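Sequential numbering from 29 applies to the sequence shown in my numbering.
Worksheet for the structure shown next.
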Amino acid sequence: MPLSDHEQRMLEQMERALYAEDPKLASTLRGSGFASGVRRRFGLAAIGFLIGVGLLLVGVVFKIEPVSVLGFIQMLLSVTYVVAWRDKPKTPDTVEGAIGPNPTKSKKKSKRNNASFMDGMEERWRRRSDDNGM
């Protein structure tokens, strides 16, 4: 069901307000940066892989072993380029522990979170067994 004119105007107004208040969040929500980066990475890897296949075939047909080996290495590097890629932050302070462990964070907090997780799981288990009549 399409939006009415009033709803369309309200949506556009909210989008403009979001862009004005936090352009970084708006661009992240739009997703253009991540999607274009992934497409570019896959495209470069595909081109590199095809070049590697070509080099491998040329080396086999003309019996030039170093060219075949170079083609195989090119193919391997192209696949590794895609598989081993991680979306790394530009600044290390955006991700906790990017430089190393945070000395200000105590281990008690993580143990407490872990304990509360286990408490919650035990509570769910008890409720489930009570509901089943066990």
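In this text, a Cβ means the ideal position worked out from N, Cα and C, and glycines have one as well.
These numbers were taken from a predicted model, which means no experiment stands behind them.
Residue i in three-state terms, based on DSSP
i	result
V123	Because V123 carries a pLDDT of 45, less than 50, the predicted location of this residue cannot be relied on, and no value is offered for it.
P131	Legend: pLDDT at P131 = 49, less than 50; position of this residue unreliable, no value from coordinates given.
M10	Residue 10 is absent from the structure shown; the chain starts at 29 and stops at 162.
P117	In this prediction, P117 scores a pLDDT of 48, lower than 50, which makes its location untrustworthy; the coordinate-derived value is nonetheless stated afterwards. Of the three classes helix, strand and coil, the one that applies to P117 here is coil, per DSSP.
S144	helix
Beta-carbon proximity of residue i to residue j, cut-off 8 Å
i	j	result
G87	S96	yes
L84	G99	yes
G76	S106	yes
W113	R69	yes
L31	L39	yes
Candidates the options: closest to residue i by CA position
i	options	result
Y109	R156, G71, E151	G71
A74	D33, L104, S55, I92	L104
Which complete alpha helix (DSSP H) runs does the segment 29-114 hold, if anything under 4 residues is left out? 33-49, 51-58, 60-89, 93-111
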